[in-house]
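To start, the structure under review is shown below, and the notes come after it.
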Ligand SMILES: Nc1ncnc2c1ncn2[C@@H]1O[C@H](COP(=O)(O)OP(=O)(O)OP(=O)(O)O)[C@@H](O)[C@H]1O
Ligand SMILES: Nc1ncnc2c1ncn2[C@@H]1O[C@H](COP(=O)(O)OP(=O)(O)OP(=O)(O)O)[C@@H](O)[C@H]1O
Ligand SMILES: [Mg+2]
Ligand SMILES: [Mg+2]
């Protein structure tokens, strides 16, 4: 077997908003093809951690290593790093003035500079893959929430990222639409994509997750494989949290 | 025992919004001191019925008799009738530019023309009664939802109505605030106020309601005392509805 | 004063038509208000009238192409001073204040400010003007005349505007040029002449730094006076010869 | 060189103070009068617009359309020269009428907008307490609408004061009229126009501060 | 009597058609030029305002404060009469510059407002895809902001056209200038002012229809 490759490594990461200390000495490693599920109460810092990994928030201290490169704002082109790390948001954030295909081809053409034909070809393949082969030319406003989120996934995949971050990708969806998005994510995981997922969908976490990370008040309290962490939590706080949501 | 006095009588009431037939041949009687609880799925016409009783909506056909008077828009001063029928709304609808006391005294002074001193005296008594004796001079924006709704109840009571209508008075409240409003309503019921209440609070309906009326699709499907209707519904649709909410 | 560089939009290689320092080589840019019938007024998109005819005749004499520029009366002297226009043929009365800003040629007509009122007015002469509301054109020499009688002086942007408001019932009197008043009456305004306030000399304003142009225009004017051409223009546009200096001037 | 022209400007600024004060007084009277009238017009037209009577709505629409479709200066001139056949409006009042006629339409739209922005639950609460339609409008809706309209009304009042400069073209010696006359009398426009610009800036600054203060005060009870 | 004055008005209206057409053409050129420039100014100032650089924000604020604090006619007169000491601006361009300088501030506020109204998730989505800040602004934020700004921009353009009537006071023969001249030629202002009011109403009507149409078209994809 080949050696395990480290995709993301976080050491002593700290992040504050003004006086509010939101992330406190976070250490975390994500290996290639890992699916890490981040759980924790509202306000515990899950989104902030994810956003730090994508440099939408800039850390106060600590190191973030992406594919063995220690990324610092001062020395790195963050846009280049962001190309490697795709992100899917709770509220989709599709571009309403572009068609579905336009959403997917925008960044490859503008950022990577690949040709329009090539981008359209790849974009159509991705949309087919997420089950939206018949929606190329419609505008996002005509789609259901589940369809929007699948477009958002395709849009992030179009940049051929090495890691995908998902921030509660199904929380804004009507219950009957959650399944289709989770199915798409599961497929992605099976293909070997490295993923960090914030979600309250415990079924998904159990089935697809390699690791579950439980955060509380800006700290990582416990990490484990799903069956261990869900069924035999070690920490009191983890137990309390799990009993509140299950 | 004295004879039972009819407060509200509705015969063959119909109401449409454009092409949408919302109330279909409604018949209903509310006697003095009755507490009638109106239940039914969203869109079944509960609010519309309540609003017709207060003439905020004008019926298309049928008769509405308030305290033995057959009320017709053409021959009656609806404002006079509305004085007899108090209404409490889901979203409180307090007057934000008036203090709590101002909210309660506004209508007595302006509509009934009673003196300011008298209105203030009575208003304070009412506010004491609903447990807001210390909030006379604050503005509504500083109150919690439960406090707002209690002010709204006091405001309606200040007109000394013979009947009180409540349209989902607790649905806009955080769970922990529901209790204080229900307690106020229960007290009112015990004092013998005639009340028609649209609510999803089945505990309240059981404990305080004299009658429960189940509406579906603009029709009254079933009427009964709470224990009968909740525990032994006669109609299939009532059963289905109850199983969906209990 | 204006710098040479800023007044020349076309760069100034001197042509054979004259080495005056002109805004556009070979062209004489002259300003008039276009709202002072019959001296200057609009006919289509062109100004016409006595002032315009004089301006064009002078340009021809100087071998230049005339270019007319419509401008608010109140800004014309400043415009000449600052080099926006070469000259102004705009019925300017020669005054000491204006002479500090621009040079004046010899007068090209003589006229006089007149008091106009509505027919029902009890103003019969200058003596009755005290404390009355007298409207005049902003920037005209009539402002200081009116100030001798009153401080209630509404100022508008053309003499015709003042006369029109007078006729419609506003103001007590208007001081303006005799001939403009007569033209207004001919055009149907119901107003009356209640006395002349002296005689004034109207002349062409020239930028101070353009002595040669001033001299050339004076020469041309004299020629036109001698040949009767100027009188002819006056007859044509005004209906009488106003180019002769009256016997008595103040 | 710069210093000397600054000194010259200072002299002109100080020397023209008395005259500009008179102009300021006219601008002030004119603005106050026209804005008060505009407010009454605006309130009236707003009520026509939200009335359910087609013909009244139509009148309000026509008025607003005419005002918004023509330049203010045209409106002032028509009132000043035009209506004299029917009745004569003195210069001051022609100016006031022109400005009020103009601002009225904008104020009407502001008031209508804020009235319609008041939650309809407020109207229903009033009606359900037995208040008449008029009482509800007067006691419940309008007080809230006015509060909400303060920033926009304040802004419109500032625009009104600046617009009042156009009355100088019908002969009034308001702030701008004084600047024009001084400029043309002295053949030196720049310092007078800059002076008058400073006066306007100052007025607008003061008014902005007042509007902000009122806004804050009203926010207290919201 | 009424009929005869209507007939007279009809004659004047028809008889002055050619002249007003020329005025219309000037108004048109002037409005287009000034509004295009104003748009560029507005975009530029809006970007300064949302930049995080204090000094740039301060410059933008100062500009907006000056424009909003002084009447348009003062701005035009300073450009036309005032700045001649420093450099001489031809009449047409003085008018264009004055109008553009003025509208620019209002357009800046409109653009800034709509940019800030775009959900910040849009920016984050752009950045998370590796787009630069400028690319995100150009390709994601601005296209959406412009759509949203269409009604307000359209309104501002209409105001700009009406405001252009003030250039007649520096001597231009735009629509209003033609009306003034004709009025003074004939010593009879009213019919010409009414005629010019009709022209403006007509232009504004057409423009309103166009703006509404564009709005509807853009709504399609929202
Ligand atoms: N931009 C910001 N400015 C200030 N405080 C912020 C900001 N973003 C997040 N916070 C605060 O940081 C803390 C952590 O927020 P975060 O969104 O990371 O929590 P979360 O775990 O994602 O919660 P949720 O489940 O509600 O999304 C919260 O207290 C939040 O209010
Ligand atoms: N003003 C109105 N105009 C048009 N349709 C209306 C109006 N008010 C109510 N309706 C429609 O009438 C029907 C009954 O509405 P109503 O509000 O009475 O239902 P409800 O039983 O109170 O429902 P909920 O529990 O959601 O409050 C619904 O279909 C609603 O959309
Ligand atoms: Mg979150
Ligand atoms: Mg309801």
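Chains as they are written, first to last, in our numbering: chain A, 1 to 246; chain B, 1 to 246; chain C, 1 to 250; chain D, 1 to 222; chain E, 1 to 222. Idealized CB from N, CA, C, for every residue including glycine.
At least 3 beta-carbon pairs within less than 8 Å: the region 221-230 of chain A vs the region 154-172 of chain B: The region 154-172 of chain B and the region 221-230 of chain A do not touch, with fewer than three beta-carbon pairs separated by less than 8 Å.
Taking CB distances under 8 Å as the criterion, tell me whether residue 192 (chain D) reaches chain C. no
So what's residue 182 (chain D) in DSSP terms, helix, strand or just coil? helix
Given that a residue counts as buried once 16 or more other Cβ atoms are within 10 Å of its Cβ, and exposed if not, what is residue 80 (chain B)? Exposed: under 16 other Cβ atoms inside 10 Å.
Own chain residues within Cβ distance below 8 Å of residue 220 (chain A), not counting five before or after: 26, 27, 28, 213 and 214
Can you tell which of D:50, D:184 and D:128 has its C-alpha closest to the C-alpha of residue 142 (chain D)? If we check each option's Cα against that of residue 142 (chain D), D:50 comes out closest.
Beta carbons nearer than 9 Å to chain E: which residues of the region 119-130 of chain A have them? none
Which residues in chain C sit within 7 Å of residue 22 (chain E), going by Cβ to Cβ distance? 45
What does a CB cutoff of less than 7 Å around residue 22 (chain B) pick up in its chain, not counting 5 residues either side in sequence? 15, 16, 45, 48 and 218
Chain D within 8 Å of residue 195 (chain B), Cβ atoms only: no
Spatially closest choice to residue 117 (chain D) from D:184, D:30, D:147 and D:78, by CA coordinates: D:147
Whole angstroms are fine: how far does the CA of residue 105 (chain C) sit from the CA of residue 214 (chain C)? 6 Å
Assign residue 11 (chain C) to buried or exposed, taking buried as 16 or more other Cβ atoms, counted over all protein chains shown, within 10 Å of its Cβ. Residue placement at residue 11 (chain C) is flagged as unreliable, the pLDDT there being 39, under the threshold of 50; the coordinate-derived value follows with that caveat. When all chains shown are included, residue 11 (chain C) counts as exposed.
Short CB-CB distance (under 8 Å) between residue 117 (chain D) and chain B: no
Would the beta-carbon of residue 20 (chain E) fall within 8 Å of that of residue 201 (chain E)? no
What's the call for residue 219 (chain E), buried or exposed, on a 16-neighbour Cβ count within 10 Å? exposed
Does the beta carbon of residue 132 (chain E) sit closer than 8 Å to a beta carbon anywhere in chain C? no
Tell me the residue span of the beta strand (DSSP E) that contains residue 224 (chain C). That residue, residue 224 (chain C), is in no beta strand (DSSP E); its alpha helix (DSSP H) goes 211-227.
Quick one: what does DSSP say residue 206 (chain D) is sitting in, helix, strand or coil? helix
Mark residue 262 (chain C) as exposed unless 16 or more other C-beta atoms lie within 10 angstroms of its C-beta, in which case mark it buried. A question about residue 262 (chain C) goes unanswered here, because the residues of chain C that appear run from 1 up to 250.
Note down the Cα distance separating residue 178 (chain E) from residue 34 (chain D), rounded to an integer number of angstroms. 28 Å
According to DSSP, is residue 68 (chain C) helix, strand or coil? strand
Contact test: residue 92 (chain A) Cβ vs ligand 6 heavy atom, cutoff 7 Å: Looking for ligand 6 in the displayed structure turns up nothing; the ligands present are ligand 1, ligand 2, ligand 3 and ligand 4.
Verify the CB distance criterion: does residue 137 (chain A) have a CB-CB separation below 8 Å to chain E? no
Any idea if residue 232 (chain B) is buried or exposed, counting beta-carbon neighbours within 10 angstroms, 16 or more meaning buried? exposed
Is residue 124 (chain D) close to chain B? Criterion is C-beta to C-beta, closer than 8 Å. yes
Report yes if the C-beta distance between residue 173 (chain B) and residue 203 (chain B) is below 8 Å; otherwise report no. no
Between the region 42-66 of chain C and chain E, which residues of the former have CB atoms less than 7 Å from a CB of the latter, in chain order? 42, 44 and 45
Counting only the same chain and skipping the five closest in sequence on each side, list residues whose C-beta sits under 6 Å from that of residue 243 (chain C). 109, 230, 231 and 234
Looking at ligand 1, does it come within less than 7 Å of residue 59 (chain A), judged from the CB to the closest heavy atom? False, no ligand heavy atom lies under 7 Å from that Cβ.
Length of the line joining the Cα atoms of residue 159 (chain A) and residue 158 (chain E): 44 Å
Element boundaries [beta strand (DSSP E), containing residue 103 (chain A)]: No beta strand (DSSP E) holds residue 103 (chain A); the alpha helix (DSSP H) holding it covers 100-107.
Please tell me whether residue 170 (chain D) has its Cβ less than 8 Å away from any Cβ of chain C. yes
Thinking residue 104 (chain B) and residue 86 (chain B) are a contact (beta carbons under 8 Å), I'd like their distance in whole angstroms, please. So it is not a contact: roughly 12 Å between Cβ atoms.
On the DSSP letters alone, give me the boundaries of the beta strand (DSSP E) that residue 110 (chain B) sits inside. That residue, residue 110 (chain B), is in no beta strand (DSSP E); it is neither H nor E in DSSP.
Given that residue 128 (chain E) touches chain A, what residues does it touch there, using C-beta distances under 7 Å? 54, 56, 82 and 87
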